[in-house]
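**Student:** To start, I am sharing the structure in question, which I have written as structure tokens.
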Amino acid sequence: HARRMVVERFTFREDCDRVRVTATVEAPKTDEEIELQAASDELIAEMPQHELKLGEYFMPSSMNWLALFNSHLIGQSGADASRITKLLSAAKRWGPGPDGWHQNDETWTCVDQKNLLGKTT
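Take 20 as the starting number for the sequence shown in our numbering and just add one per residue.
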């Protein structure tokens with residue numbers, strides 16, 4: 020279960036060597052949305068810092084999505100704006116993997132592409 024979230028605004032700020040962004044969403048409207056938000060906030064706030072660090076390494080897109088909406092709960096200054104830009108941009112490659120369960124995942128090949136220098140393009 021998740022509540023409907025309507026973004027009201029994005030706020031950008033410079034933070035050392037990168038631009039950070041946070042999103043402000045419309046307040047929950049129903050009792051169910053209020054309960055879902057409270058439960059979600061509680062779970063997110065309890066997440067240990069070492070798990071956040073591991074998440075930033077192994078799943079940076081997901082962790083930046085988390086920071087976009089919940090940076091105040093996890094002690095961060097916001098999401099990396101370049102990661103969010105990539106998330107909200109159209110993917111150039113889509114499709115399932117070659118075998119196993121990957122055959123059923125239409126997003127399997129929607130991953131970073133790297134140039135000869137190893138830089139994500």
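The C-beta atom is built at its ideal place from N, Cα and C for all residues, glycine as well.
Quick one: grab the DSSP three-state call for E33.
**Tutor:** E33: strand per DSSP, three-state reduction.
**Student:** Check this for me: beta carbons of G116 and D124, under 8 Å apart or not?
**Tutor:** Yes, the pair counts as a contact, with Cβ atoms nearer than the cut-off.
**Student:** Since S101 is in the alpha helix (DSSP H), which residue starts that stretch and which ends it?
**Tutor:** Looking at the DSSP string, the run of the alpha helix (DSSP H) that includes S101 is A100 to L107.
**Student:** Can you round the beta-carbon distance between S90 and T41 to whole angstroms, since I take them to be within the 8 Å contact cut?
**Tutor:** The Cβ separation is near 5 Å, so the contact holds.
**Student:** For R22 and T30, I'd like the C-alpha separation in whole angstroms.
**Tutor:** Their backbone Cα atoms lie some 22 Å apart in a straight line.
**Student:** Give a yes or no on whether the C-beta atoms belonging to R39 and A98 are separated by under 8 Å.
**Tutor:** Closer than 8 Å, so yes.
**Student:** Tell me, please, which residues DSSP counts as bridged to T43.
**Tutor:** In DSSP, T43 forms a bridge with R28.
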